[in-house]
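At position 245 of the sequence shown (counting the first as 1) the number is 257 in my numbering, and the numbers step up by one without a gap.
Beneath this line is the structure, given in structure tokens, with notes to follow.
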Amino acid sequence: MNTISQSSCPVCGSSEWKVFFEIKDVPIFCNLLWSNQQEAQNCHRGDLDLAFCSHCGFISNVAFDPDRLEYTQSYENALDFSPRFQDYAKSLAMRLIERHNLYHKTVLEIGSGKGEFLVLLSTLGNNYGIGFDPSYVQLDQHQHTQDQVKFIQDYYSERYTEYQGDFICCRHTLEHIPQPTQLLKSIKQTIGDQKPDIFFEVPNALETFERLGIWDIIYEHCGYFSPVSMAYAFSSCGFEVDNIEEEFKGQFLCVEAHPGKTVTTLTAEQTKKVKQLAEVVKGFKTKFDQKIDFWKNKLETFKTEGKRVVTWGAGSKGVTFFNFLKMQNPIEYIVDINPRKQRKYVPGTGQKIVSPEFLEEYKPDIVIVMNPIYQEEIKKMLANMGLQNCVLETGV
Ligand SMILES: [Zn+2]
Numbered sequence: 013m014n015t016i017s018q019s020s021c022p023v024c025g026s027s028e029w030k031v032f033f034e035i036k037d038v039p040i041f042c043n044l045l046w047s048n049q050q051e052a053q054n055c056h057r058g059d060l061d062l063a064f065c066s067h068c069g070f071i072s073n074v075a076f077d078p079d080r081l082e083y084t085q086s087y088e089n090a091l092d093f094s095p096r097f098q099d100y101a102k103s104l105a106m107r108l109i110e111r112h113n114l115y116h117k118t119v120l121e122i123g124s125g126k127g128e129f130l131v132l133l134s135t136l137g138n139n140y141g142i143g144f145d146p147s148y149v150q151l152d153q154h155q156h157t158q159d160q161v162k163f164i165q166d167y168y169s170e171r172y173t174e175y176q177g178d179f180i181c182c183r184h185t186l187e188h189i190p191q192p193t194q195l196l197k198s199i200k201q202t203i204g205d206q207k208p209d210i211f212f213e214v215p216n217a218l219e220t221f222e223r224l225g226i227w228d229i230i231y232e233h234c235g236y237f238s239p240v241s242m243a244y245a246f247s248s249c250g251f252e253v254d255n256i257e258e259e260f261k262g263q264f265l266c267v268e269a270h271p272g273k274t275v276t277t278l279t280a281e282q283t284k285k286v287k288q289l290a291e292v293v294k295g296f297k298t299k300f301d302q303k304i305d306f307w308k309n310k311l312e313t314f315k316t317e318g319k320r321v322v323t324w325g326a327g328s329k330g331v332t333f334f335n336f337l338k339m340q341n342p343i344e345y346i347v348d349i350n351p352r353k354q355r356k357y358v359p360g361t362g363q364k365i366v367s368p369e370f371l372e373e374y375k376p377d378i379v380i381v382m383n384p385i386y387q388e389e390i391k392k393m394l395a396n397m398g399l400q401n402c403v404l405e406t407g408v
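The structure is reproduced here in structure tokens:
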């Protein structure tokens, strides 16, 4: 076992670091879907033992073992099929291009996935993009951008000092790394005297723990950042934080920074915020249990009333919803607009993923939308299929 040290916070090193929440045997991969139902149900499982640092506010799964996760090309976490998400990615790319004057520049992306965002940054600002991702696989629709974007199928590290950029971005990657400051230090080391602007996006721990977006607690995410722990991580690794914003209706945390001096102290205001988060963490187990009970009762009621129910969205939230409820087949199908997910099975509980068109015949009474941000686009799709009488519930 190569789990995170139990004794100290991986961000600030403080020993004021204590487990506050445990949930056992969750699938280690939410985004690795299966072609066979039984294999899906027998997937590898791991524990969530979440610890909180009362010095910097960082939260991490101390039972996380990175050796158990190997990101392969079958790892499917692209959200880009949704028009709502595409709009968000495009407006974010535009904003970054304007704010950082990214025209005819070199842009690096760490953890570039299949490259959708890097292609946006490169094409919209006429930039040259270099993406790093061990799970990179070329998409047909990106073939025409080959002159403008290059991908390296590896982790970003000091091995790649020859690749310098005017801008470095990294989205939804830092939360997968057990020692997140190692990546930040590695960037600092690799850029040397260069002064690129830095942009990071991670899930927002305030959304998960304070506002109870509990379906975002997954094995793949070992780290949960709030604005304070994020700012601390950056400043302690030699970056000056220019801006931290909550985006995507509070679900994401966006950080803009640049290389600067190293600061390892918290301001009085930051310490106050950590204390507030400590209170949230203290009451979390009770609120979590209440939410699980609420949904169990709700699904039981639907069953008693003979309602036909599906959920919409087979991403982390959709998969975790079933695995936290641990109910025996309350719902058979999950809808997802990503054709690469359809006809596959959900890890742990084994629901089948179907296309929206499947609903034309299945005619559900209730659709539970796992991410309310997609509610409007789902409503429109249902109406277009003549399913306007179907009741939409938000799975929050
Ligand atoms: Zn800490």
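Built from N, CA and C at the ideal position, the CB exists for glycine as well.
In chain order, Ile40 place their CB closer than 6 Å to the CB of histidine 56, counting only its own chain and leaving out the 5 sequence neighbours on each side. Around the CB of valine 267, 16 or more other CB atoms lie within 10 Å, so the residue is classed as buried. Annotation for leucine 81: no alpha helix (DSSP H) segment contains it, and DSSP assigns it neither H nor E. Close CB contacts of asparagine 216 within its chain, under the 7 Å cut and outside five residues either way in sequence, are with Glu258, Gly262, Gln263, Phe264 and Leu265 (chain order). Here phenylalanine 333 is not near phenylalanine 33, since their CB atoms are 8 Å or more apart. In terms of Cβ geometry, alanine 269 and valine 286 do not form a close pair [threshold 8 Å]. Note: serine 72 is bridge-paired with Ala63 and Gly235 in the DSSP secondary-structure output. One alpha carbon belongs to proline 359, the other to lysine 36, and they sit about 15 Å apart. In the structure shown, valine 38 adopts extended strand secondary structure according to DSSP, grouped into three states. Taking the C-beta atoms as reference points, glycine 177 is found no nearer than 8 Å to tyrosine 148.
When rounded, the separation of the alpha-carbon atoms in phenylalanine 306 and leucine 224 is 13 Å.
Residue side-chain check: histidine 56 keeps its Cβ at 7 Å or more from all non-hydrogen atoms of ligand 1. Contact check for serine 248 and threonine 276: beta-carbon distance about 5 Å, within the 8 Å limit, so the pair qualifies. Residue environment analysis places glycine 318 among the exposed positions, since fewer than 16 neighbouring C-beta atoms fall within 10 angstroms of its C-beta. When DSSP states are grouped into helix, strand and coil, glycine 330 belongs to the helix group. Burial is judged here by how many other beta carbons sit within 10 angstroms of a residue's own beta carbon; glycine 327 has at least 16 and is buried. Setting aside the 5 residues that flank it on each side, serine 94 is surrounded in the same chain by Ile349, Tyr386 and Glu389, each with a C-beta closer than 7 Å to its C-beta; the list follows chain order.
Proximity of the beta carbon of cysteine 68 to ligand 1 is indicated: a heavy atom of the ligand is located closer than 7 Å. Separation of threonine 135 and serine 124 (C-alpha to C-alpha, rounded to the nearest whole angstrom) is 15 Å. In the three-state reduction of the DSSP assignment, glutamate 174 falls in the coil class. Distance check between threonine 323 and each of Met382, Pro239 and Glu372 places Met382 closest, using alpha-carbon atoms only. For ligand 1, a non-hydrogen atom lies closer than 7 Å to the CB of cysteine 21.
Sequence-distant Cβ neighbours of serine 27 in its own chain, meaning closer than 7 Å and more than five residues away, are Ser19 and Ser20.
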